[in-house]
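Residue numbers (numbering that gives the first Met the number 0), protein chains in the order written: chain L, 0 to 540; chain Z, 0 to 335; chain E, 0 to 292. Let me begin by presenting the structure, written as structure tokens, before commenting on it.
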Amino acid sequence: MTDRLGWIDRRRLVQLLGAGGGAIAAGLPAQVFAQARKNTLVLGIDISDTITLDPARLAQYTSPMTVSAAYDSLVTMKPGEYINVAPSLATKWARTPDGKGWRFTLRDGVKFSTGNVMTVEDVKWSFDRVINLGDQPSQYIAHVDRVEIVDKSTIDIILKQPAEPLLTIIAAPEFVVLERKVAEANGATAAKDAKTADKAAAWINSNSCGTGAYRIAAWERNQQIQLVRNEHYWGGKPPFERIVIRHISDGAAQLLAVRRGDIDAAFNLIPEQIAALKTEPNVRLAPLASLDFVYMALTQEPEFNKALAVKEARQAIGYAIDYDGIVKSMLGGAALRPAHYLPIGVSGSTEEIARQIGFKQDLAKAKELLAKAGFPNGFEFEIIYGNAAVQGVTYQDLGLKIQSDVARVGIKANLRPVDQVNLRTEYTTGKAKGGVLTFWNPPAVENQLWAAAVVQRVAKRVHWDPPENIVKLVSQAATETDAKKQHDLWVEWQKLVVDQANHFVLFQPVYQIAVRNTIKDFPLTAAGWMLDLHGVTPAGG
Amino acid sequence: MPRYILSRLALAFVMALLATLVIFLLANTVPGDPVLAQLGDLAASNKEFVAEWRAKWGLDLPLWQRYVIFLQRLFQGDLGISISSQRPVLQDIRDFAPATLELASIAFLLALAVGIPLGIMAAVRRDSWIDHLARLISLIGVSSPTFWLAFIMLAFFYGGLQIAPGPGRIDAIALPPPSVTGLYLIDSALAGDWATFHDAAAHLILPSIVLAAATLGLITRTTRASMLESMQQDYVRVARAKGIRERRIVIGHILPNALIPVVTLGGLAYANLLTGAVLTETIFSWPGLGRYTFRSAVSLDFPAIMGITLIVAVVYLIINLLIDISYALLDPRVVR
Amino acid sequence: MSVADATVPSAREIAPVASKTRRWLRRYGLPALGAAVIVAWIIVAIAAPLLSPYSPATVDVTARLRPPSSLHWLGTDVLGRDVFTRLIYGARISLTTGIVVVLVGAIIGTLIGGIAAFARGRVEELIMRLTDLVLCFPPIILAMAIAAALGIGTTNTIIAMLVVWWPKFARLARSLVLVQRSQEYVEAAVVMGLSPARILLRHVMPNSIGPLIVLVTLDVGNAIITFAGLSFLGLGVIPPTPEWGSMVSEGRELIEQWWVAAFPGFAILTVVLGFNFLGDGIRDWLDPRSRRR
Numbered sequence: 000m001t002d003r004l005g006w007i008d009r010r011r012l013v014q015l016l017g018a019g020g021g022a023i024a025a026g027l028p029a030q031v032f033a034q035a036r037k038n039t040l041v042l043g044i045d046i047s048d049t050i051t052l053d054p055a056r057l058a059q060y061t062s063p064m065t066v067s068a069a070y071d072s073l074v075t076m077k078p079g080e081y082i083n084v085a086p087s088l089a090t091k092w093a094r095t096p097d098g099k100g101w102r103f104t105l106r107d108g109v110k111f112s113t114g115n116v117m118t119v120e121d122v123k124w125s126f127d128r129v130i131n132l133g134d135q136p137s138q139y140i141a142h143v144d145r146v147e148i149v150d151k152s153t154i155d156i157i158l159k160q161p162a163e164p165l166l167t168i169i170a171a172p173e174f175v176v177l178e179r180k181v182a183e184a185n186g187a188t189a190a191k192d193a194k195t196a197d198k199a200a201a202w203i204n205s206n207s208c209g210t211g212a213y214r215i216a217a218w219e220r221n222q223q224i225q226l227v228r229n230e231h232y233w234g235g236k237p238p239f240e241r242i243v244i245r246h247i248s249d250g251a252a253q254l255l256a257v258r259r260g261d262i263d264a265a266f267n268l269i270p271e272q273i274a275a276l277k278t279e280p281n282v283r284l285a286p287l288a289s290l291d292f293v294y295m296a297l298t299q300e301p302e303f304n305k306a307l308a309v310k311e312a313r314q315a316i317g318y319a320i321d322y323d324g325i326v327k328s329m330l331g332g333a334a335l336r337p338a339h340y341l342p343i344g345v346s347g348s349t350e351e352i353a354r355q356i357g358f359k360q361d362l363a364k365a366k367e368l369l370a371k372a373g374f375p376n377g378f379e380f381e382i383i384y385g386n387a388a389v390q391g392v393t394y395q396d397l398g399l400k401i402q403s404d405v406a407r408v409g410i411k412a413n414l415r416p417v418d419q420v421n422l423r424t425e426y427t428t429g430k431a432k433g434g435v436l437t438f439w440n441p442p443a444v445e446n447q448l449w450a451a452a453v454v455q456r457v458a459k460r461v462h463w464d465p466p467e468n469i470v471k472l473v474s475q476a477a478t479e480t481d482a483k484k485q486h487d488l489w490v491e492w493q494k495l496v497v498d499q500a501n502h503f504v505l506f507q508p509v510y511q512i513a514v515r516n517t518i519k520d521f522p523l524t525a526a527g528w529m530l531d532l533h534g535v536t537p538a539g540g
Numbered sequence: 000m001p002r003y004i005l006s007r008l009a010l011a012f013v014m015a016l017l018a019t020l021v022i023f024l025l026a027n028t029v030p031g032d033p034v035l036a037q038l039g040d041l042a043a044s045n046k047e048f049v050a051e052w053r054a055k056w057g058l059d060l061p062l063w064q065r066y067v068i069f070l071q072r073l074f075q076g077d078l079g080i081s082i083s084s085q086r087p088v089l090q091d092i093r094d095f096a097p098a099t100l101e102l103a104s105i106a107f108l109l110a111l112a113v114g115i116p117l118g119i120m121a122a123v124r125r126d127s128w129i130d131h132l133a134r135l136i137s138l139i140g141v142s143s144p145t146f147w148l149a150f151i152m153l154a155f156f157y158g159g160l161q162i163a164p165g166p167g168r169i170d171a172i173a174l175p176p177p178s179v180t181g182l183y184l185i186d187s188a189l190a191g192d193w194a195t196f197h198d199a200a201a202h203l204i205l206p207s208i209v210l211a212a213a214t215l216g217l218i219t220r221t222t223r224a225s226m227l228e229s230m231q232q233d234y235v236r237v238a239r240a241k242g243i244r245e246r247r248i249v250i251g252h253i254l255p256n257a258l259i260p261v262v263t264l265g266g267l268a269y270a271n272l273l274t275g276a277v278l279t280e281t282i283f284s285w286p287g288l289g290r291y292t293f294r295s296a297v298s299l300d301f302p303a304i305m306g307i308t309l310i311v312a313v314v315y316l317i318i319n320l321l322i323d324i325s326y327a328l329l330d331p332r333v334v335r
Numbered sequence: 000m001s002v003a004d005a006t007v008p009s010a011r012e013i014a015p016v017a018s019k020t021r022r023w024l025r026r027y028g029l030p031a032l033g034a035a036v037i038v039a040w041i042i043v044a045i046a047a048p049l050l051s052p053y054s055p056a057t058v059d060v061t062a063r064l065r066p067p068s069s070l071h072w073l074g075t076d077v078l079g080r081d082v083f084t085r086l087i088y089g090a091r092i093s094l095t096t097g098i099v100v101v102l103v104g105a106i107i108g109t110l111i112g113g114i115a116a117f118a119r120g121r122v123e124e125l126i127m128r129l130t131d132l133v134l135c136f137p138p139i140i141l142a143m144a145i146a147a148a149l150g151i152g153t154t155n156t157i158i159a160m161l162v163v164w165w166p167k168f169a170r171l172a173r174s175l176v177l178v179q180r181s182q183e184y185v186e187a188a189v190v191m192g193l194s195p196a197r198i199l200l201r202h203v204m205p206n207s208i209g210p211l212i213v214l215v216t217l218d219v220g221n222a223i224i225t226f227a228g229l230s231f232l233g234l235g236v237i238p239p240t241p242e243w244g245s246m247v248s249e250g251r252e253l254i255e256q257w258w259v260a261a262f263p264g265f266a267i268l269t270v271v272l273g274f275n276f277l278g279d280g281i282r283d284w285l286d287p288r289s290r291r292r
């Protein structure tokens, strides 16, 4: 199209470097352009859901990746290890002497991107802001009573219910440390009236004041987010001068761009596009075994559906679904399937356990259960779903697949497509009259968050009144300190809720990210922020 | 005339407000709660939290009060905050409108540039092969579903032959020119960035052809019919009898009269292009008003829906007004 | 043509068959082709179960996205359903919805327009402003809003389309009736004391039906495209009902598996083209000016 200079043509480079850099770049030789492109990491991803980059207001799916590159939390999670947290801004932690909370020892000499040293006040202020802003992240630490400074490198987080988990939750990018001085200078406040007094949203959406490896330099909505290297990063010099997160909504365009080398990684490819990349020598596929899952919730309210009120009838649906067909054919094998709400990879959930205790297709058993339930000739029920797709598979296709599966045992599923608003309204307010096909992506990696949901709010939505022993089992498992015992308790719990047959997990996606071989390390993580941006490195120095 | 225009403008404004009222009432019959779709699972189950968020957008107020607030804000030039993007609707529209404006205008110009000459030739050479060709082209144009035509174009020229650029306004990795008008062609030309100009123009080719198809058919047919009609007029016969050359008769006498209905229809077609590009935009990942409208409608984003309805209605009514004015200018008999 | 032909009958007899055929084709070729296409689609729609060994709803994920072959003439879609089967069953929905929307829309619109023209005064003003109001929404936006409010489904989509469909018929009917009203025979009928309804139905309507028929025929194609467009956006039919617009939508990202989207779209093109050929022919035929050949 235009004169190509090594990696990238002049125009693109000018654009990558921004207007100011462009003027300089215009007079430089070709090798320099190649070098500049090499020092820039470009990701192609659909970021249309990113509506805020304020950690304390974070709620969407793609924004945590950016935020986790610019800010650090006290503890973090390493890719693949989602049971025990790892040190980050805190180097040590233990229960407080009175057992009512946790005590953290801060890392020495951590500097913000401004070069100022992080203090214990910054930490307390950041937590206070989350709590007092009262936005969605505050919900996840609702059990935190207060944050107390012990000395200049020690801080306590005191809990209202001391047994409730904390570490795995605050590893999420919502609970990061901001530089108080800079944030306050730009309108932020952590005071009690932060809800109305905090005016930092505009600034914090296109800048950052954290300790992370990169600093947010610009965010142009539905176009790109630009990050630049934090020269003061405590974890060593970050390998890229600049990171550009390009918004490309279209999978086909991402495919083309990653093939041409315009982007270094493509995040939103559908199975057919991934298959097209298998023969591409310069691009590899990096699997991201997420902790998300797609499931069908089934009500048991007799007023809505007499058949679904009978446990055996619901179980019949569970035994009629062809899970292998969904995972192997529709997703091309790029997925796992847990037994219930605990995704594969967390305590008590492995593929082996899922095989043993989860549902599997068994049409004879389904028919037997139907007869036992008193519906030997089957029954009718409704499935609602929204207009969306996970990993290139639409809910509609899943609904059609389930419809044809249950038809084989005489059950008639009526599909009802609805918009996202009605779907959420019907489901969360318990008005769904049959099945609901939807998605679960937890804000933090903590079994208790999932399990408690099943017996509390999600139970209400399906009109299930969980017996005391199942509810107790959740808190028992969550507070158990012995790893082996905890594992067994979670397995036990899953058995009970699988038998209850209110939720059928259909698949847990293993997203396939196309990465160019010019990139060496590409640490994808299931912990909630998709990619440890600070750990991405270029190939060959 | 000025008085006529003023009264028409006032009427247009009232109609546009009525349109927002209709949409407002209609959207409120949907049982869903837009806030729930924006909140995470935990927050959506917390009654107090949901109530607080509803209050943030005034969703807890009675219907009439909400509409009055909308009107009050409107007169201050404020369309409110979008629920799903959480920023001013006006800013959203300002971001998305230029993409649609650029695409629709290019498509319209394309339809005119091809449709009018084709229609003229079809009328002058009536029943010749060119007349039949024109008829076939225009019928196929009118009969092709845009979303399918878009797919075929992309699959063939982008996927198959790989000679056309893919979806989007510019190359996936390129950045738009510094924004002045928001129209990439103009902005890149102003910045002297001809590579981007070239890129943006290339990306316009397929979607504008797709969008122009139906309009092209309409323009060709109307031009032809209206030319034939004018050719039957007495003054044309007189001119012929005087021995004026056919070419001069067509261009000097027939065409000006024949263009009046084309102006009317063309104006309406342009309004339709501006407001009805949802399908083309969807397939070409075109970040325009059509997709924004669709997204707002399915997420029940009240402020956004109202804002778009208002703007679309105003555009439509103003174009209608312009048609009437130009009609009066072209044809002195219509003066009121 | 008619005058010349009548006076010189011999010329007609001598004319070779080929030229006669050519003349017939020139005059009736496209409309006849259009009618043939429509009839063919109607037959296909009715005889769909006889034409395909498959059921349109059979899901077989192990046979997904197979290219066209002797087993699956037009290939299979993402769920392994036979595209050809879904295509021929899809004709049922598209033809029915298109015809229903236009006919009902035309009847409602014509009645309202007729009333406006006869009532004059305030009623007419009110009705015409109402049509203005509906016309100033882009049809697809209003239909989308209504479909969202009523819920997704064939009947609801038809209702949504009807809301935006009647005004153009109302406007046409009003202008036609106004023209007829000023004719002498109507004035005579009024003087004779015939009731307005009787005048409208017995005298005015029959004389202005021509342009209405043209608009109706041309508009069926338009309605089919609009319905398919709404379906494409996910606001049309409830799955697993086979429908052309939603079939295109299901295949729109599959550029390499082009058959999933290409064939149903082509089906829309053919049937709409059929109605446009036919409507175009009827217009030429009814329009006195273009009859003078």
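Glycine residues also receive a C-beta, built at the ideal position from the N, C-alpha and C atoms.
For residue i and residue j, which I take to be in contact (beta-carbon distance under 8 Å), what is that distance rounded to the nearest angstrom?
{"i": "L/T424", "j": "Z/G31", "result": "4 Å"}
{"i": "L/I157", "j": "L/G100", "result": "4 Å"}
Is it buried or exposed, residue i, if we count other Cβ atoms within 10 angstroms and call 16 or more buried?
{"i": "L/E230", "result": "exposed"}
{"i": "Z/S143", "result": "buried"}
{"i": "E/F297", "result": "Given that chain E is displayed from residue 0 to residue 292, the structure contains no residue 297 of chain E and the question cannot be resolved."}
{"i": "L/E351", "result": "exposed"}
{"i": "Z/I68", "result": "exposed"}
{"i": "L/D418", "result": "buried"}
Measuring alpha carbon to alpha carbon, tell me which of the options ends up nearest residue i.
{"i": "L/T39", "options": "L/Q225, L/Y60, L/A171", "result": "L/Q225"}
{"i": "L/N552", "options": "E/A148, E/T20, E/P239, E/S51", "result": "For chain L, the structure presents residues 0 to 540; residue 552 of chain L sits outside this window and is missing."}
{"i": "Z/M230", "options": "Z/A11, Z/P176, Z/A122", "result": "Z/A122"}
{"i": "L/Q160", "options": "L/G234, L/P337, L/S205, L/R145", "result": "L/R145"}
{"i": "L/S205", "options": "L/K191, L/K364, L/N185", "result": "L/N185"}
{"i": "L/P416", "options": "L/T437, L/R407, L/V405, L/S403", "result": "L/T437"}
{"i": "L/T349", "options": "L/V181, L/I140, L/D487, L/S87", "result": "L/D487"}
{"i": "L/V496", "options": "L/A338, L/A162, L/G347, L/V143", "result": "L/A338"}
Taking only three categories from DSSP, how would you classify residue i?
{"i": "L/W463", "result": "coil"}
{"i": "E/A88", "result": "The sequence as given places Tyr at residue 88 of chain E; Ala does not occur at that position. If DSSP states are grouped into helix, strand and coil, E/Y88 belongs with the helices."}
{"i": "Z/D126", "result": "coil"}
{"i": "Z/N319", "result": "helix"}
{"i": "L/Y384", "result": "strand"}
{"i": "L/L523", "result": "strand"}
Against chain E, which members of the stretch 130-150 of chain Z pass a CB distance test of less than 7 Å? Within the stretch 130-150 of chain Z, the qualifying residues are L138, I139, V141, S142, S143, P144, F146, W147, F150.
At a Cβ cut of 8 Å, what residues of the stretch 46-60 of chain Z count as close to chain L, listed as they run along the chain? The residues in question are F48, E51.
Of all the residues that make up the stretch 382-397 of chain L, which are near chain E by a beta-carbon distance shorter than 7 Å? Correct list: N386, Q395, D396.
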